[in-house]
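See structure below.
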Amino acid sequence: SDGHNFIEAVFSKESINEFRKYFSHVKFSNLRDKVIQIGKWSLQVDHVNSKQTYNSHQNINIKLIIESFKPQMNSGELGSRLTLKAISLFKNDEVKAHI
């Protein structure tokens, strides 16, 4: 989430291994409410059944594949407004028009 929209994110195996190598003192699960800086990413577009997949529109699902990232451990926890007010990217009119 960027505070406005959210999209499903998937961490690549390489990004997890890199995280564990450089931040071995931090549990991956502790990043849940933290800010991360994404260094390398890609988008994956899949054909899905929108009746079975919540975060999709007209049978299209887009995932953010995180290939490299660094946690911003000193940035504190995300405020509740950033996580609670974000809406699905697929409810954005511009994204719907592109699909």
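If you count by our numbering, then the sequence shown holds residues 243 to 341, one letter each, in order. Glycine included, every Cβ here is placed at the ideal spot set by N, Cα and C.
message: Let me make sure I understand the geometry here. Which of Phe311, Met315, Ile341, Phe332 has the alpha-carbon closest to that of Glu260?
response: Phe311
message: Among the candidates Phe253, Val337, Ile280, whose CA atom is the shortest distance from the CA of Asn298?
response: Looking at the sequence provided, one finds Ser at residue 298 rather than Asn. If we check each option's Cα against that of Ser298, Val337 comes out closest.
task: Could you round the C-beta distance between Gln279 and Lys305 to whole angstroms and report it? I think they count as a contact, below 8 angstroms.
output: Contact doesn't hold; Cβ gap of about 19 angstroms is too wide.
query: Among Asp275, Asn247, Val252, Gly245, which residue has its Cα nearest to the Cα of Pro313?
result: Asp275
message: Checking the sheet assignment: what are the DSSP bridge partners for Ser310?
response: Lys282
task: Measure from the alpha carbon of Asn316 to the alpha carbon of each residue in Gly245, Phe253, Val277, Tyr264, then state which is nearest.
output: Val277
query: Count the other CB atoms within 10 Å of the CB of Ser266; is the residue buried (16 or more) or exposed (fewer)?
result: exposed
message: What would DSSP say about His267, mapped onto helix, strand or coil?
response: coil
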